[in-house]
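In our numbering, the protein residues as written are 82 to 432. Think of the CB as a built atom: it goes at the ideal place given N, C-alpha and C, for glycine as much as any other residue. Owing to the predicted nature of the structure, the values given are computational and were not obtained by experimental measurement.
Below is the structure:
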């Protein structure tokens with residue numbers, strides 16, 4: 082193809098300029114879409130704050146020079162368990178990370194980890210063990226801020242905290258139904274993030290108080306949105322998961338869907354991501370309540386619904402949520418955190 086001899090040079094320059102402008106718009110548009118979070122659910126989108134929720138942060142995975150640690154291998158490792166999800170999120174087991182390397186990367190970042198626990202009613206009796214074992218094993222060497230929600234502030238035990246770790250007691254109402262206490266947790270966490278936590282922490286872990294730490298729980302657990310696989314169902318198929326199966330509930334998951342069954346005793350991640358999660362779950366609780374529906378396992382049911390369509394960026398193995406009445410299995414090399422044995426009739430108000 083030949084250009085006409087009457088084709089002017091400035092016309093060619095104009096055409097080139099138009100193509101360059103279109104290319105810039107194309108790249109800018111798709112770059113923006115690739116670099117922002119695009120939530121799956123509309124109520125996730127509407128719950129996202131319009132202004133930044135947390136302190137700005139610029140973190141690099143920088144490793145100090147001359148740090149000695151075992152050479153990683155792409156050919157050898159855990160072969161008895163799966164260590165990555167189908168969406169390429171890590172599943173954290175013993176033997177999948179180097180604690181020396183992880184600590185030397187994350188500790189210089191001067192992070193603050195918020196940790197919430199609900200010690201309502203007689204559950205305040207579990208608080209001492211929770212805090213004392215956390216001081217020995219949970220995020221050792223990091224700044225940690227414990228937020229204890231209780232209706233019995235005078236029963237909160239005095240525990241010696243190491244430097245950089247603080248405890249805040251926040252009074253909340255009690256209840257005659259443990260299901261109601263469970264249902265309110267999402268709302269209370271959400272409002273406390275708004276009023277306080279967003280200014281004081283980078284990450285947050287929401288944990289059950291009737292539990293204790295036994296071994297390291299460290300920076301290997303940090304991620305944008307973190308969930309833990311329930312120890313009772315990690316070896317089961319989705320057909321056996323106790324999801325909410327009633328379509329009328331906002332926590333509904335169909336029989337042919339589901340990834341894992343996540344435990345409600347741990348929610349974690351960036352403060353803003355957990356804020357979005359709690360906001361969505363709180364709203365869905367309200368819709369169900371308006372329709373006189375209570376999901377099968379309250380907040381845990383809504384959590385599983387949320388995480389099915391908003392995938393966690395990191396998944397913790399059952400090492401991070403064992404149950405003391407269960408014998409340790411061959412896959413679980415170390416128990417890091419577990420729910421203690423208890424008599425529910427003694428501690429739950431309506432059991």
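Residues bridged to residue 349 (per DSSP):
Counting from one through the chain shown, the residue named residue 349 turns up at place 268. 286 and 307, per the DSSP bridge assignment.
So, with DSSP's three-state summary, where would you put residue 195?
Your numbering for residue 195 matches position 114 in the chain shown. DSSP places residue 195 in strand when its eight states are reduced to three.
Would you report the Cα separation of residue 287 and residue 224, rounded to the nearest angstrom?
Counting from one through the chain shown, the residue named residue 287 turns up at place 206. Counting from one through the chain shown, the residue named residue 224 turns up at place 143. Distance between the alpha carbons of residue 287 and residue 224 is about 16 Å.
Kindly provide the ranges of any alpha helix (DSSP H) runs that are 4 or more residues long and lie completely inside the segment 244 to 283, ordered along the chain.
259 to 273
Measuring straight from C-alpha to C-alpha, what distance separates residue 313 and residue 407?
What you label residue 313 is simply residue 232 of the chain shown in a count that begins at 1. What you label residue 407 is simply residue 326 of the chain shown in a count that begins at 1. Roughly 9 Å between the two C-alpha positions.
Could you check which residue in 281, 373 and 211 has the C-alpha nearest to that of residue 238?
Position 157 of the chain shown holds residue 238. For the residues 281, 373 and 211, the minimum Cα distance to residue 238 belongs to 211.
Can you give the beta carbon distance from residue 346 to residue 420, rounded, assuming they're within the 8 Å contact cut?
Numbered from its first residue, the chain shown carries residue 346 at position 265. Numbered from its first residue, the chain shown carries residue 420 at position 339. Indeed they touch by this definition, with Cβ atoms about 7 Å apart.
Does the segment 202 to 209 come into contact with the segment 176 to 188, if we say contact requires no fewer than three beta-carbon pairs (one atom in each stretch) closer than 8 Å?
Verdict: no, contact absent.
Quick one: using the 10 Å Cβ neighbour count with 16 as the cut-off for buried, is residue 413 buried or exposed?
Taking the chain shown and counting its residues from 1, the one referred to as residue 413 is at position 332. Residue 413 is buried by the Cβ-count criterion.
Quick check on residue 416: does DSSP put it in helix, strand or coil?
Taking the chain shown and counting its residues from 1, the one referred to as residue 416 is at position 335. Reduced to three states, the DSSP call for residue 416 is coil.
Any idea what DSSP makes of residue 359, helix, strand or coil?
On the chain shown, residue 359 is found 278 positions in, with the first residue counted as 1. Three-state DSSP puts residue 359 in a helix.
Might you give, ordered along the chain, the residues of its own chain that have their beta carbon closer than 8 Å to the beta carbon of residue 180, omitting 5 neighbours on each side?
Translated into positions along the chain shown, residue 180 becomes position 99. Here the set comprises 297, 299 and 301.
Straight-line gap, residue 285 to residue 194 (C-alpha atoms, nearest Å)
For the purposes of this step, residue 285 is taken as the residue at position 204 of the chain shown. For the purposes of this step, residue 194 is taken as the residue at position 113 of the chain shown. The straight-line gap from Cα to Cα measures roughly 6 Å.
I need the DSSP call for residue 365, collapsed to helix, strand or coil.
Your numbering for residue 365 matches position 284 in the chain shown. Residue 365: helix per DSSP, three-state reduction.
Which residues in the same chain have their Cβ closer than 6 Å to the Cβ of residue 234, if we skip the five residues on either side of it in sequence?
Here the question's residue 234 lines up with position 153 in the chain shown. 250 and 252.
Less than 9 Å between the C-beta atoms of residue 336 and residue 365, yes or no?
Looking up residue 336 in the chain shown gives position 255. Looking up residue 365 in the chain shown gives position 284. Cβ atoms of residue 336 and residue 365: not closer than 9 Å.
Rounded to whole angstroms, what's the CA-CA distance from residue 254 to residue 265? Just pull it up for me.
In the chain shown, residue 254 corresponds to position 173, counting from 1. In the chain shown, residue 265 corresponds to position 184, counting from 1. The straight-line gap from Cα to Cα measures roughly 10 Å.
May I ask you to report which of helix, strand or coil DSSP gives residue 214?
For the purposes of this step, residue 214 is taken as residue 133 along the chain shown, with counting starting at 1. Three-state result, residue 214: helix.
Please work out which residues of its chain come closer than 8 Å, Cβ to Cβ, to residue 241, disregarding the five sequence neighbours upstream and downstream, and give them in chain order.
Walking along the chain shown from the start, residue 241 turns up at place 160. Within the same chain, residue 241 has close Cβ partners 216.
Do you know whose CA, among 310, 274 and 425, lies nearest residue 396's CA?
Against the chain shown, residue 396 aligns to sequence position 315. Per the Cα distances, 310.
Rounded to whole angstroms, what's the CA-CA distance from residue 120 to residue 391? Just pull it up for me.
The residue you call residue 120 lines up with position 39 of the chain shown. The residue you call residue 391 lines up with position 310 of the chain shown. Interpretation of residue 120 is limited by its pLDDT of 40, a score under 50 that renders its predicted location unreliable; the figure taken from the coordinates is listed afterwards. Distance between the alpha carbons of residue 120 and residue 391 is about 7 Å.
Contained beta strand (DSSP E) runs [length at least 3] in the segment 217 to 244, N- to C-terminal order
Correct list: 224 to 231.
Compare the beta carbon distance of residue 174 and residue 160 with 9 Å and say whether it is the shorter of the two.
Residue numbering aside, residue 174 sits at position 93 when the chain shown is read from its first letter. Residue numbering aside, residue 160 sits at position 79 when the chain shown is read from its first letter. No. Outside cutoff.
Opening and closing residue of the alpha helix (DSSP H) in which residue 388 lies:
As a working mapping, residue 388 is identified with position 307 in the chain shown. That run of the alpha helix (DSSP H) goes 379 to 390.
Where does residue 147 land, buried or exposed, given buried means 16+ other C-beta within 10 angstroms?
Position 66 of the chain shown, counted from the start, is the residue given in the question as residue 147. Result: exposed.
Start-to-end residues for the alpha helix (DSSP H) that takes in residue 183:
Translated into positions along the chain shown, residue 183 becomes position 102. Taken as a continuous stretch (DSSP letters only), the alpha helix (DSSP H) holding residue 183 covers 180 to 187.
Figure out for me which residue from 183, 359, 149 and 374 has the closest Cα to the Cα of residue 267.
Within the chain shown, numbered from 1, the residue matching residue 267 stands at position 186. Among 183, 359, 149 and 374, the Cα nearest to that of residue 267 belongs to 359.
Would DSSP call residue 207 helix, strand or coil?
On the chain shown, position 126 is the one that residue 207 refers to. Residue 207 falls in the helix class under three-state DSSP.
Beta-carbon spacing of residue 243, residue 199 below 9 Å:
Counting from one through the chain shown, the residue named residue 243 turns up at place 162. Counting from one through the chain shown, the residue named residue 199 turns up at place 118. It is not a contact, given that the beta carbons lie outside the stated cut-off.
If I measure Cβ to Cβ from residue 416 and keep anything under 7 Å in the same chain, skipping five residues before and after, which residues do I get?
Position 335 of the chain shown, counting from 1, holds the residue named residue 416. If we look at residue 416 and ignore the five residues flanking it on each side, its Cβ neighbours are 295, 296, 400, 403 and 409.
Out of curiosity, what's the CA-to-CA distance linking residue 269 and residue 154?
Taking the chain shown and counting its residues from 1, the one referred to as residue 269 is at position 188. Taking the chain shown and counting its residues from 1, the one referred to as residue 154 is at position 73. Their Cα atoms are separated by approximately 44 Å.
Cα-Cα separation between residue 320 and residue 377, rounded to whole angstroms
Numbered from 1 along the chain shown, position 239 holds the residue referred to as residue 320. Numbered from 1 along the chain shown, position 296 holds the residue referred to as residue 377. Cα to Cα, residue 320 sits roughly 15 Å from residue 377.
Using CA coordinates, which residue listed in 145, 324, 157 and 280 is at the minimum distance from residue 388?
Looking up residue 388 in the chain shown gives position 307. For residue 388, the nearest C-alpha among the options comes from 324.
Specify, as a first and last residue, the run of the beta strand (DSSP E) that residue 396 falls within.
By 1-based counting over the chain shown, the position of residue 396 is 315. Per DSSP, residue 396 belongs to the beta strand (DSSP E) from 395 to 397.
Which same chain residues end up closer than 8 Å to residue 151 when comparing Cβ atoms and leaving out the 5 residues on each side of it in sequence?
Within the chain shown, numbered from 1, the residue matching residue 151 stands at position 70. If we look at residue 151 and ignore the five residues flanking it on each side, its Cβ neighbours are 179.
Hey, is residue 217's beta-carbon within less than 9 Å of any beta-carbon in chain D?
No chain D is part of this structure, which consists of one protein chain only.
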